[in-house]
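Colleague:
Numbering (UniProt numbering), first residue to last: 1 to 156.
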């Protein structure tokens, strides 16, 4: 599967069980796709038992930022294993809070989506989360960040 190029997105959600103001959580994903236009549905594959899997099992609202090639450092930051707290990951990023989902949506992203979980399907060591798109916005005209053969790439 490393030979299949994929777009890179940042999945975000607000963990409201983390104190009165909650905590933002983010995860880089390459297993993301459009499922249906009517109704508008997307799918993301999450490692079973990951923080994002646990959060989206409880929190039905989440955001997607389709990353531009200039946002490679953001993808790397949220892909690190054993990283620092999510609060610090968002500390110096430009983002807006989704009006529908309440999750951070990264500034300068090619597109942003606000979603509500419609279905969860167990699939091996992953969970496929199907989300209904509640709001969408187009962003910049930069090229998309892609992942191919184990590395972030840009289109030539």
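For glycine and all other residues, C-beta sits at the position ideal for the given N, C-alpha and C. Just so it is clear, the structure is predicted and the values come from calculations on it, not from any experiment.
#1: Is it true that the region 119-126 meets the region 58-71, where meeting means three or more beta-carbon pairs spaced less than 8 Å apart?
#2: Would residue 29 and residue 44 qualify as a contact pair, given that the criterion is a beta-carbon distance under 7 Å?
#3: Bridge partners of residue 148, per DSSP?
#4: Name the residue from 137, 6 and 2 whose alpha carbon lies nearest to the alpha carbon of residue 109.
#5: Less than 7 Å between the C-beta atoms of residue 127 and residue 48, yes or no?
#6: Could you tell me the boundaries of the beta strand (DSSP E) in which residue 135 lies?
#7: If I follow the unbroken alpha helix (DSSP H) through residue 58, where does it start and stop?
#8: Evaluate residue 10 with the Cβ neighbour count: other Cβ atoms within 10 Å of its Cβ, from every protein chain shown; 16 or more gives buried, anything less gives exposed.
#9: CB-CB under 8 Å to residue 130, same chain, minus the five flanking residues each way: which ones, in chain order?
#10: Terminal residues of the continuous beta strand (DSSP E) containing residue 104?
#11: Identify which residue in 115, 88 and 140 has its Cα closest to the Cα of residue 107.
#12: Taking the C-alpha atoms as reference points, what is the distance between residue 31 and residue 6?
#13: Does the separation of the CB atoms of residue 75 and residue 133 fall below 7 Å?
#14: Using only the alpha-carbon positions, how far apart do residue 150 and residue 2 sit?
Modeller: The answer reads as follows:
#1: no
#2: Position 29 of the chain shown, counted from the start, is the residue given in the question as residue 29. Position 44 of the chain shown, counted from the start, is the residue given in the question as residue 44. Cβ distance < 7 Å, so residue 29 and residue 44 count as in contact.
#3: Locating residue 148 in the chain shown gives position 148, where the first residue counts as 1. Residue 148 is bridged to 151.
#4: For this step, residue 109 is matched to residue 109 along the chain shown. That would be 137, whose Cα lies nearest to the Cα of residue 109.
#5: The residue you call residue 127 lines up with position 127 of the chain shown. The residue you call residue 48 lines up with position 48 of the chain shown. A contact, by the Cβ cut-off of 7 Å.
#6: Counting from 1 along the chain shown, the entry for residue 135 is found at position 135. Unbroken beta strand (DSSP E) run through residue 135: 126-138.
#7: The residue given as residue 58 occupies position 58 in the chain shown. Note, residue 58: alpha helix (DSSP H), 51-58.
#8: Along the chain shown, read from residue 1 onward, the residue named residue 10 stands at position 10. The residue is buried, with at least 16 neighbouring Cβ atoms inside 10 Å.
#9: Locating residue 130 in the chain shown gives position 130, where the first residue counts as 1. Excluding residues within five positions, the ones whose Cβ falls inside 8 Å are 35, 41, 42, 43, 117, 118, 119, 120 and 121.
#10: As a working mapping, residue 104 is identified with position 104 in the chain shown. Taken as a continuous stretch (DSSP letters only), the beta strand (DSSP E) holding residue 104 covers 104-106.
#11: Position 107 of the chain shown holds residue 107. Comparing Cα positions, the closest option is 140.
#12: By one-based count along the chain shown, residue 31 stands at place 31. By one-based count along the chain shown, residue 6 stands at place 6. Each residue's alpha carbon lies about 7 Å from the other.
#13: As a first step, residue 75 is located in the chain shown; it is residue number 75 there, counting from the start. As a first step, residue 133 is located in the chain shown; it is residue number 133 there, counting from the start. Not closer than 7 Å, so no.
#14: Counting from one through the chain shown, the residue named residue 150 turns up at place 150. Counting from one through the chain shown, the residue named residue 2 turns up at place 2. Residue 150 and residue 2 have their C-alpha atoms some 6 Å from each other.
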